[in-house]
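Letter by letter, the sequence shown follows residues 5 to 103 in the numbering used here. Glycine included, each C-beta is placed from N, C-alpha and C at the ideal position. First up is the structure itself, then whatever we jot down about it.
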Amino acid sequence: MPDPETTQKTPAPTPSPHLDSGGYAVALECVRLVISWYNSAIYDEEHTSSPDTERLEKLTAERRECVAARKSLSHAGPDEISRTARDYRARFRRLTGIS
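If you want it as structure tokens, here you go:
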């Protein structure tokens, strides 16, 4: 059964006018990259000869966390936006092995 988080196209939240659009855009892109990684990992796991249901559940839960973070960015202040960009940049690097 398709997961609505991967099949449904929802527009990215619009930042509040008081936010630094550059910082917001960077944070949004960092979160987007991590979500994309999870989508790919979930797809790969689902299409193995014997999918690991525990791993799928973990990957799906972590992706949901990322989707929630992306949604909350539109209401975040500059400090939260910077923290999110930093955390998700590090998370992407950890997931991909890119330094």
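Contact fails between the stretch 46 to 53 and the stretch 74 to 86, because fewer than three Cβ pairs, one in each stretch, are under 8 Å apart. Rounded to whole angstroms, the gap between the alpha carbons of Arg36 and Thr52 is 25 Å. DSSP places Ser86 in the helix class (H, G or I) of the three-state scheme.
Ser53 sits in coil when the DSSP states are folded into three classes, being neither helix nor strand. For the pair Leu32 and Arg74, the CB atoms are nearer than the 8 Å cut-off. The three-state secondary structure of Ile102, taken from DSSP, is coil. Closest in C-alpha terms to Glu69, from the list Val38, Tyr28 and Ile102, comes Val38.
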